[in-house]
Amino acid sequence: MLPPAVRQAARRAAPVAVDPDQMATSLLRGRRLAKLPDPLWSQMRSLTAVAGERYALVPASLIFVPATEDGGRAELTLVLADVRSGAIEWRTVANAVGADPWEALQGALKALTPGLP
894 MLPPAVRQAA RRAAPVAVDP DQMATSLLRG RRLAKLPDPL WSQMRSLTAV
944 AGERYALVPA SLIFVPATED GGRAELTLVL ADVRSGAIEW RTVANAVGAD
994 PWEALQGALK ALTPGLP
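What the sequence shown shows, in my numbering, is residues 894 to 1010, in sequence order.
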């Protein structure tokens, strides 16, 4: 389910489901984290129950680290979580350098999807 559909499902199910744009997904940045922490886990459980899904691919964080000269590095962390069990099944951090934040983000996204235009 794509983000617009998730947002719409959350609006229809308010107050049971939380606004997906207001969830504390940055808690998932920790590399050693093996389970979804509460209250994020309970928020994700209610949201995925409304959506009828078990797994969630979560953008945990996007960081831009400026370089000393021009540009900088984008660091995009994605997590795949089994929302029923709370287990974090997969995590990746995509890095890329660019002349500006947008170019660095595009490079990080391309690193996640090699071979695609």
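Glycine is no exception: its CB is placed at the ideal position from the N, C-alpha and C atoms.
| Item | Value |
| --- | --- |
| Taking Cβ to Cβ, would you say Ala917 is nearer than 7 Å to Leu940? | no |
| Use the C-beta contact count for Gln901: other C-beta atoms within 10 angstroms, 16 or more gives buried, fewer gives exposed. | exposed |
| The alpha helix (DSSP H) spanning Arg938 covers which residue range? | Leu933 to Ala944 |
| By Cβ distance below 6 Å, which residues in the same chain neighbour Gly991 in space, the five residues on each side in sequence not counted? | Gly964, Ala997 and Gly1000 |
| If you reduce the DSSP assignment to three classes, tell me which class Ala910 lands in. | coil |
| Could you tell me which whole alpha helix (DSSP H) segments of length 4 or greater appear in the segment 962-988? | none |
| Is it right to say Ala1027 is buried, meaning 16 or more other beta carbons lie within 10 angstroms of its own, or is it exposed? | What is shown of the chain runs 894 to 1010, which leaves residue 1027 out entirely. |
| Does the distance from the C-beta atom of Trp934 to that of Gly1008 stay below 7 Å? | no |
| Where does Leu921 sit, in a helix, a strand or coil, going by DSSP? | helix |
| Take the Cβ of Ala898 as the centre, count every other Cβ of all protein chains shown within 10 Å, and call the residue buried at 16 or more, exposed below. | exposed |
| Rank Ala927, Leu950, Ala967 and Pro952 by C-alpha distance to the C-alpha of Val958 and give the top, closest one. | Ala967 |
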